[in-house]
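**Student:** The listed protein sequences derive, respectively, from chains Y and U.
124 is the number that the working numbering gives to position 116 of the first sequence; each next residue is one higher, with no gaps.
12 is the number that the working numbering gives to position 11 of the second sequence; each next residue is one higher, with no gaps.
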Amino acid sequence: MDDLDLKLIKLTQDGIDLVPEPFKEIALELEIPEAEVIDRTRVLVESGVIRRFGASIGHRVLGIVANAMCAWNVPDDRVEEVGALMAGFGEVSHCYERVRRPEWDYNLYTMIHAHTREECERTAHDISRATGISDYTILFSEREFKKTGVRI
Amino acid sequence: MTQELELDDTDRRLINLIQLDFPLDLCPFRTLGDQIGISEQEVIEHLKRLTDIGVIRRIGPILNTKGLGGASTLIAMRVPEDAIDRVASEINDFDEVSHNYLRHGVYNIWFTVSARSKERLHEMVNEIEAIGYPFLELPVTRLFKIGVKFEV
């Protein structure tokens, strides 16, 4: 990744314009051909700097208003197996293992999205039954203070 | 849900299509139109409306902190009720904070930090410590699933 790539990311991270040739303006700004803007973007996707290029959805607006972070206490020797099982649930958008802390035993985290809290709870219950992990806590989001995504 | 939030078939197809497979070419909206059998102009009009009503937040790169050479973490903070608003806005002031939520529980403010380097992350954790409330720092150790595609 070079300086031009960095500039390219900065110019596109807030969203491209909804015009017939959205990369034209960016090419002018960077003083490179339009095709190079596209090639560079593709390379950034292939190399993993860009996770995906596409639309970010305001899921709250779509009625997917319940968002629960579920924290699970999974025995260390079962994390690989249980993590894969949890990731397989359609309602689960994110699944990570995180470090445990002395005052916080949980080590696996799933983000669950649904239309209602009850649906989130049901999904957590289903996950618990499917994995046999019964020590968990559901942390519903009460307020969204910020959601910008990763920016540079 | 308000009237204007009603999505037609074209809206749905576009939303499902452009989350993962936004065409990276000179005229992406024409390509999308070709794929679903409508004109470039119609695609743009639909996407503009979807953006106006908040269904689409933006179309652009979703960045990978690690791919950018950066470091990220999740922080859970224990903040008394009457200090929540002040602390949340103090946290929001960091450009590196990408998500910030109020959640029920002993730890009630949960936010993610994406810094450009490990050094900057370390520095930030110190600054966060200076806010003066107990917190847990919970970095990812294993990734099972990331990235959302909402089927509508």
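C-beta: ideal position from N, C-alpha, C; glycine also.
1) Whose C-alpha, out of U:Lys49, U:Arg143, U:Glu130 and U:Asp9, is nearest the C-alpha of Arg58 of chain U?
2) Would you check if the distance between the CB atom of Asn127 of chain U and the CB atom of Val158 of chain Y is smaller than 9 angstroms?
3) What does the Cβ neighbour count give for Arg137 of chain Y, buried or exposed, with the cut at 16 atoms within 10 Å?
4) Report all residues from its chain with a CB closer than 6 angstroms to the CB of Val51 of chain Y; omit the five preceding and five following residues, and keep chain order.
5) Note down, in chain order, every chain Y residue with its Cβ under 7 angstroms from the Cβ of Ala84 of chain U.
6) Cβ closer than 8 angstroms: which chain U residues qualify as neighbours of Thr49 of chain Y?
7) Compute the Euclidean distance between the alpha carbons of Asn75 of chain Y and Ile46 of chain Y, then round it to the nearest angstrom.
8) Does DSSP put Arg125 of chain Y in a helix, a strand or coil?
9) Evaluate contact between the segment 93–107 of chain U and the segment 33–49 of chain U, counting only Cβ atoms and requiring at least three cross-stretch pairs below 8 angstroms.
10) Is the CB-CB distance between Ser99 of chain U and Ala72 of chain U below 9 angstroms?
11) Excluding the five sequence neighbours on either side, which residues of its own chain have a C-beta within less than 6 angstroms of the C-beta of Ser149 of chain Y, listed in chain order?
12) Taking its Cβ as the centre, do 16 or more other Cβ atoms sit within 10 Å of Ala89 of chain U, making it buried, or is it exposed?
13) Quick check on Leu147 of chain Y - is its C-beta less than 9 angstroms from some C-beta in chain U?
14) Which residue marks the beginning of the alpha helix (DSSP H) containing Leu51 of chain U, and which one marks its end?
15) Counting only C-beta atoms, is Pro30 of chain Y closer than 9 angstroms to chain U at any point?
16) Could you tell me which of U:Ser118, U:Ile147 and U:Asp94 sits nearest to Ile132 of chain U, measuring between CA atoms?
17) Quick check: the Cα distance between Leu147 of chain Y and Gly68 of chain U, rounded to an integer number of angstroms?
18) Listed in chain order, which residues of the segment 86–104 of chain U have Cβ atoms closer than 8 angstroms to some Cβ of chain Y?
19) Nearest to Pro28 of chain Y by alpha carbon, out of U:Thr11, U:Gly61, U:Thr32 and U:Leu21?
20) Spell out whether any CB of chain Y is found under 9 angstroms from the CB atom of Gly133 of chain U.
**Tutor:** Quick look at the numbers:
1) Sequence index remark: in the second sequence, residue 58 of chain U carries index 57 (1-based). Proximity to Arg58 of chain U across U:Lys49, U:Arg143, U:Glu130 and U:Asp9 peaks at U:Lys49, based on C-alpha coordinates.
2) As a position in the second sequence, residue 127 of chain U is number 126, starting the count at 1. As a position in the first sequence, residue 158 of chain Y is number 150, starting the count at 1. No, Cβ-Cβ distance for Asn127 of chain U and Val158 of chain Y is not below 9 angstroms.
3) Working through the first sequence from its first residue, we reach residue 137 of chain Y at position 129. When all chains shown are included, Arg137 of chain Y counts as exposed.
4) If you number the first sequence from 1, residue 51 of chain Y lands on position 43. Nothing listed; no residue qualifies.
5) Stepping through the second sequence from its first residue, residue 84 of chain U is reached at position 83. Below the 7 angstroms Cβ cutoff, chain Y contributes no neighbours of Ala84 of chain U, its closest Cβ being approximately 13 angstroms away.
6) As a first step, residue 49 of chain Y is located in the first sequence; it is residue number 41 there, counting from the start. Under the 8 angstroms cutoff, chain U gives Leu25 and Pro62.
7) Position 67 of the first sequence, counted from the start, is the residue given in the question as residue 75 of chain Y. Position 38 of the first sequence, counted from the start, is the residue given in the question as residue 46 of chain Y. Looking at the backbone, the Cα of Asn75 of chain Y and that of Ile46 of chain Y are separated by about 35 angstroms.
8) Taking the first sequence and counting its residues from 1, one reaches residue 125 of chain Y at position 117. Helix.
9) No contact exists between the segment 93–107 of chain U and the segment 33–49 of chain U.
10) The count along the second sequence starts at 1 and reaches residue 99 of chain U at position 98. The count along the second sequence starts at 1 and reaches residue 72 of chain U at position 71. Using a Cβ distance threshold of 9 angstroms, Ser99 of chain U and Ala72 of chain U do not count as a contacting pair.
11) Your numbering for residue 149 of chain Y matches position 141 in the first sequence. These residues qualify, in order along the chain: Asn75.
12) One-based indexing of the second sequence puts residue 89 of chain U at position 88. So Ala89 of chain U ends up on the buried side.
13) If you number the first sequence from 1, residue 147 of chain Y lands on position 139. Chain U has a Cβ within less than 9 angstroms of the Cβ of Leu147 of chain Y.
14) In the second sequence, counting from the first residue as 1, residue 51 of chain U sits at position 50. Glu41 to Asp53 is the extent of the alpha helix (DSSP H) around Leu51 of chain U.
15) Indexing the first sequence from 1 puts residue 30 of chain Y at position 22. Yes, because at least one Cβ of chain U sits closer than 9 angstroms to the Cβ of Pro30 of chain Y.
16) The residue labelled residue 132 of chain U in the question sits at position 131 within the second sequence. For Ile132 of chain U, the closest C-alpha among the options U:Ser118, U:Ile147 and U:Asp94 is that of U:Asp94.
17) The residue you call residue 147 of chain Y lines up with position 139 of the first sequence. The residue you call residue 68 of chain U lines up with position 67 of the second sequence. Spanning the two alpha carbons is a distance of roughly 29 angstroms.
18) Cβ contacts with chain Y: Ala89, Ser90, Ile92, Asn93, Asp96, Val98, Ser99, His100, Asn101, Tyr102, Leu103 and Arg104.
19) To locate residue 28 of chain Y, count along the first sequence from 1; it is residue 20. Answer by Cα proximity: U:Thr32.
20) Start at 1 with the first residue of the second sequence, and residue 133 of chain U comes out as number 132. No, Gly133 of chain U does not count as interfacial toward chain Y.
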